[in-house]
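Protein chains in written order, with our numbering: chain A, -9 to 149; chain B, 75 to 768; chain C, 534 to 688. The C-beta atom is built at its ideal place from N, Cα and C for all residues, glycine as well.
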Amino acid sequence: MPEAVYADLSRCIACHACELACERENKSSRISVQVVRGLAAVPVSCRQCETPLCAAVCPGEALSYGENGLEYDAEKCIGCRLCVLACPFGTAELRAGVVERCDLCQGKEIPACVATCPAGALFRAEVESLGGNTRTRRAERIKKALGNLPLPACGRENR
Amino acid sequence: MEVKPTQEKTPLTGSCHPGNCHPTICPYCSLGCGFYLELEEGKAAGISYMPEHPVNEGSLCPKGNTVLEVLNHPDRLKYPMKKTEKGWERIGWEAALDLAASKLKESLEKSGPDSLAFLGSAKCSNEENYIFQKIARLLGTNNVDNCARLCHASTLTGLGKTLGTGAMTNPVSDLACSECIFVIGSNFAENHPAVSRRVLRAKEKGAVVIVADPRITPTGWLADLALRLEPGTDVALLNGMMRVIISEGLFDRRFVRERTRGFSELEESLQRYDPETVSGITGIPSADIIKAARAYARAGTASIVYSMGITQHVSGTDNVTACADLALICGHIGKKGAGILPLRGQNNVQGACDMGALAEFFPGYGKVEDPCAAGRMRSLWGAKKLSESPGLTVTEMLEAAGKGKIKALYVMGEDPVNSNPDSSQVKKALEKLDFLVVQDIFMTDTAEHADLVLPAASFAEKEGSFTSTERRVQWVEPALKPPGEARADLDTLFGLAEKLGLDFTCRDAGEVLEEIAAAVPAYGGMAKERLKKDFGLIWPCPDPGHPGTPVLHTESFRTSDGLARIVSVEHKSPAETPGPDYPFLLTTGRTVLHYNAGSMTRRSKSLLKKEAELYVEINPADARTMDIAEGNKLFLETRRGSTEVTARLTEKVNPGVLFLPFHFPGTNVLTADALDREAKIPDFKVSACRIRRE
Amino acid sequence: MKESTRMLVPDAEKCIGCRACTTVCPEKLISFSEENNTRSISFPANCSKDCELCALACPEKAISFIFPDGAEKSRTNQKSQVPPESLTLDFELAPCQNCGTPFATIKELEKVKEIISEKVPLPPSGSFWTGLCPGCRQAVFREKQAETLIQARKF
């Protein structure tokens, strides 16, 4: 199942550890954290879209969508940057003739950003379909409406 | 499709496997986070995370993540160097140690032992600090100190007088069990990021988080209640909260009766700290003061987390004392999830203090003036005589050097030019010395003034024990060889001791630890092999069978009668407040991307890329009045000096307040050297300042 | 049947100024520069390299070759004009609608919008982001993501 890196914004503390870990593991950082209006921090990286616009515009089939999600073949990349211009989230970048975007640290057990986040704000999950955001928002509303649930006993680690 | 986290298998990431993977402890802050260094052909080539570590659970902040850039930096000092007219001249180790020893002996003979001063390192190991202060003391002086003086000296005095000991009372992991977390003067989200995970865990369980800070920081984002107080008014806030708690009967009567002394005097002294008066002093709405007080007192378990925001003031000792009072009257101490957590700075500042690299304490905190303690040290060291008068602290040392009273200064792993207040005075003082030797991994701004520079090994290149802020003593083994001819500080000190004619029987760190176990009761049960297992031991660990003590004060306090002392303190103004000549209040602090004086992080390419230069946070309203735009270059001026900075407009600071990170040279050119009377810690947090445009 | 030198013929109508050719040319013969609001791509008059990488790479198939004996080697059947010297094509750069930084040629963006509208089902908001540079696209996404949280945190 295709997976993406997601961020729980209520936990992000804008420490940029994810950016630096990514940069060390992948030559350049595929995740970017910025503070919005001094009150929240948002990490942004490739959304692993199920209908990827980058693959749609790619003239050379370097970017394609397969069963494991978005795939990139650097051999076929001509460096036209159309994918960079097509991505609605601005998360693709062309560096040294190669497209850099989050690929969940290909081949590793955990993406570096997820492993390193001191606040546990990043996690890997199956890609949510379009409209997933609405679903998450509804879930938050319901949680708030139902109020505090009974607390688990102290000493048991949750997350 | 719902978004749910997939199960993470872990443990090792990267190309780490047992063959090339070396466990180590981060050299930056005092959390003591564990991770693995991946080695390739004898060089540090990668980092892997350590999910099994009890403190950071595999996570790592941006500084730890970029530590390779520091380890492998071309600026690493490789050879001993002597300063000559023609500049730095490389010399051999024998010649270097001979030079250092002869200069120290010269000063000793001509002007007596108190003409010498020794600045120990909160970054070096316990063994290194122990031997360092032993050398100083065997030469006859107590002029030995370390940069703890600049950060948590007020913790030692404040908690020392109330609880009997100045250490963090609970481990970081306990925060997840607190129902109320009161954070005052700490920006842990930036400076101790791994603490965030436990605070967030507590919040998931419904904990209330209160953050008191003049600025809105990422730590403040996690708060349920933010108290934006005027800098320097912490005692007023704490007293105000305590008054509410006492007048509403929310204090823990039984705890106060059975385990403390001094409550009635406190109650009396709090009369004038009613919420309205306190609101007037602090700028916090009285309703919020009351809310905070009730939340803290009513919680079943509550923790106070604090750091520089309250220690670095002329009222630092009082601020810490007031925190202890608050915890004591509510009984929130001595049990899991309830305690006082001073988050310390350096990776081994706790250890350096435990080892007696302090002007007034022997190893184990026996006072140098106490004949019993002195006698004990004398017999342990086989010394005929030890000085029993407290020595000069780091700020006093520099002042005395400026007056010509200190002739020779030995600096190990410290950068007072950038860490001490009033940098221009520090530089003048260093120039006046007859002899300055600096032992470090880089040519710091302090080392530039030295007569002799000795290259040191970094954390990954030597063995030894390091004590984290939660009193966890962990052992580190060398993963790499030091560059060039750099040596572990311990080896350099052994060499120096030999040249000085001091007879040390220990030959390596493990043997030094054995001596430490005999000298420091809290380390009594520590030995290298024990520390290498299970992520070390938490002191006190008085004997070899003892499992360590995560939570302090469970049964009794470390006072003579076992009872805590509630000590009333009064709000007093900072040494310097804004006035017509200097209308702004300048406060200083840290940011997440850099570390302390910056000698390491300012050499880290990727960190510099993100934060390259000294900036000042200024409120947009103030900027508008002065016609300052984002990115403008300004001069900040105080009575000490002037520094050029770049303007960053932000609502993080209130109008009238300016914030400077101290990771870049120039910040401490401005700060005042007004000291807390008891702890001698400088008032870094409050200076009167003005802005000049070019 | 490769000749030793041939003339490089870019088609000014087809070229969208994406500069993929500047990336793939092994001799770095094709270059580009950006000044003010214009991207200029400079094609050499001829090249002796035995490859067709620039022509192969070009997403618009805008590059063809003319050989000294006059025989045209082109992907299409249309005759191209023979340039006497090296040719520089200029493209107007579109400024980001948020920060104003010129970030892509107008023709590149048109091309992207064209393909997207053909191949991908879009939400009602359309492809508004194509007018923004990647940095501002991230910023807009962030604002949207953080909206509720910021409201909750305003003390």
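What are the boundary residues of the beta strand (DSSP E) that includes residue i?
i: B/S772; result: The question about residue 772 of chain B has no answer, for chain B in this structure spans 75 to 768.
i: B/A118; result: K117 to Y123
i: B/F568; result: Run containing B/F568: none in the beta strand (DSSP E); it sits in the alpha helix (DSSP H), D563 to K573.
i: C/S575; result: T571 to F576
i: A/V88; result: V88 to E90
i: C/G668; result: Not the beta strand (DSSP E): C/G668 falls in the alpha helix (DSSP H), residues P667 to R686.
i: B/Q513; result: F509 to D514
i: B/K156; result: M155 to T158
i: B/Y380; result: A376 to Y380
i: B/T98; result: C95 to I99
i: B/W162; result: G161 to R164
i: B/A762; result: S761 to R766
Since residue i meets chain C, which of its residues come closer than 7 Å, beta carbon to beta carbon?
i: A/T10; result: The sequence shown places Leu at residue 10 of chain A, rather than the Thr named in the question. Under the 7 Å cutoff, chain C gives no residues; its nearest Cβ is about 18 Å from A/L10.
i: A/V89; result: Result: empty, since nearest Cβ-Cβ is about 11 Å, beyond 7 Å.
i: A/F79; result: R670, Q671 and F674
i: A/A46; result: I648, I649, K652 and V653
i: A/A76; result: V645 and I649
i: A/V34; result: Q671, F674 and R675
i: A/R71; result: C551
Within a Cβ cutoff of 6 Å, which residues of the same chain sit near residue i, ignoring the five residues on either side of it in sequence?
i: B/P101; result: N421 and F533
i: B/L734; result: T662, V690 and T741
i: A/A111; result: A(-3), D(-2), R1 and C2
i: B/V318; result: I364 and A367
i: B/K135; result: The question names Lys, but residue 135 of chain B is Cys in the sequence shown. Excluding positions up to five away in sequence, the list reads P267.
Just checking my contact of residue i with residue j at CB under 8 Å: how many whole Å lie between their CB atoms?
i: B/R714; j: B/T745; result: 7 Å
i: B/H668; j: B/H737; result: 4 Å
i: B/V500; j: B/L466; result: B/V500 to B/L466, Cβ: 14 Å. No contact.
i: A/Y55; j: A/P42; result: 6 Å
i: A/E13; j: A/S19; result: 4 Å
i: B/P349; j: B/P624; result: That pair is no contact at about 36 Å.
i: C/L622; j: C/P577; result: In fact, because the Cβ distance is near 13 Å, the residues do not count as touching under 8 Å.
Under 9 Å Cβ-Cβ, which residues of chain A neighbour residue i?
i: B/V666; result: I3, A4, C5, H6 and A7
i: B/A263; result: I3, A4, C5, P108 and A109
i: C/E641; result: C70, R71, L72 and L75
With residue i as the anchor, note down where its alpha helix (DSSP H) starts and where it stops.
i: C/T555; result: A553 to V557
i: B/Q420; result: First-last for B/Q420: undefined, no H or E at that position.
i: B/E341; result: F337 to S343
i: B/G232; result: A227 to L237
i: B/M600; result: No alpha helix (DSSP H) holds B/M600; DSSP gives it neither H nor E.
i: B/Q548; result: Looking at the DSSP string, B/Q548 is not in any alpha helix (DSSP H); the run it does join, the beta strand (DSSP E), is R546 to V550.
i: B/A591; result: A583 to A593
At a CB-CB cut-off below 8 Å, which residues of chain A make contact with residue i?
i: C/E676; result: V26
i: C/P654; result: T41
Just to confirm my understanding: we take residue i, look at its own chain, exclude 5 residues before and 5 after, and list those with CB closer than 7 Å. What are they?
i: C/T663; result: L642, V645 and K646
i: B/K573; result: L171, D172 and A175
i: B/A838; result: No statement about residue 838 of chain B is possible, as the shown extent of chain B runs from 75 to 768 and does not include it.
Note down, in chain order, every chain B residue with its Cβ under 7 Å from the Cβ of residue i.
i: A/C107; result: S133
Who are the near neighbours of residue i in its chain, counting only those whose CB is closer than 8 Å to its CB and skipping five residues on each side?
i: C/R608; result: For C/R608, the pLDDT reaches just 39, beneath the cut-off of 50, and the residue's location in the model is therefore unreliable, leaving the point undetermined.
i: B/R33; result: No answer is possible for residue 33 of chain B: the residues shown for chain B start at 75 and end at 768.
i: A/G121; result: For A/G121, the predicted model reports a pLDDT of 45, less than 50, meaning its position is unreliable; a value from the coordinates is still stated below. Cβ neighbours of A/G121 beyond the five flanking positions: none.
i: A/A30; result: L(-1) and C2
Given that residue i touches chain B, what residues does it touch there, using C-beta distances under 9 Å?
i: A/A31; result: P292 and W295
Whose Cβ in chain A lies nearer than 7 Å to the Cβ of residue i?
i: C/L562; result: Per Cβ cutoff of 7 Å: no residues; C/L562 is ~15 Å from chain A at best.
i: C/E567; result: What C/E567 touches in chain A: nothing, since even the nearest Cβ is about 13 Å away.
i: B/Y110; result: Correct list: empty, because the minimum Cβ distance to chain A is about 12 Å.
Give a single yes or no on whether residue i has its beta carbon closer than 7 Å to a heavy atom of the ligand NAD.
i: B/G132; result: Absence of the ligand NAD is noted for the structure shown, with no ligands found whatsoever.
(message) I'd like the ranges of any beta strand (DSSP E) spanning at least 3 consecutive residues and lying wholly in the stretch 264 to 297 of chain B.
(response) 282 to 286
(message) If we require 4 or more residues per run, which alpha helix (DSSP H) segments fall completely within the stretch 17 to 83 of chain A?
(response) 43 to 47 and 72 to 76
(message) What ranges does the beta strand (DSSP E) occupy inside the stretch 614 to 656 of chain C, keeping only unbroken runs of at least 3 residues that lie completely in it?
(response) 620 to 628 and 635 to 638
(request) Entirely within the stretch 452 to 515 of chain B and at least 3 residues each: give me those beta strand (DSSP E) ranges in chain order. (result) 482 to 486 and 509 to 514
(request) Entirely within the stretch 355 to 411 of chain B and at least 4 residues each: give me those alpha helix (DSSP H) ranges in chain order. (result) 360 to 372, 382 to 385 and 390 to 404
(request) Kindly provide the ranges of any beta strand (DSSP E) runs that are 3 or more residues long and lie completely inside the stretch 173 to 259 of chain B, ordered along the chain. (result) 190 to 193 and 254 to 258
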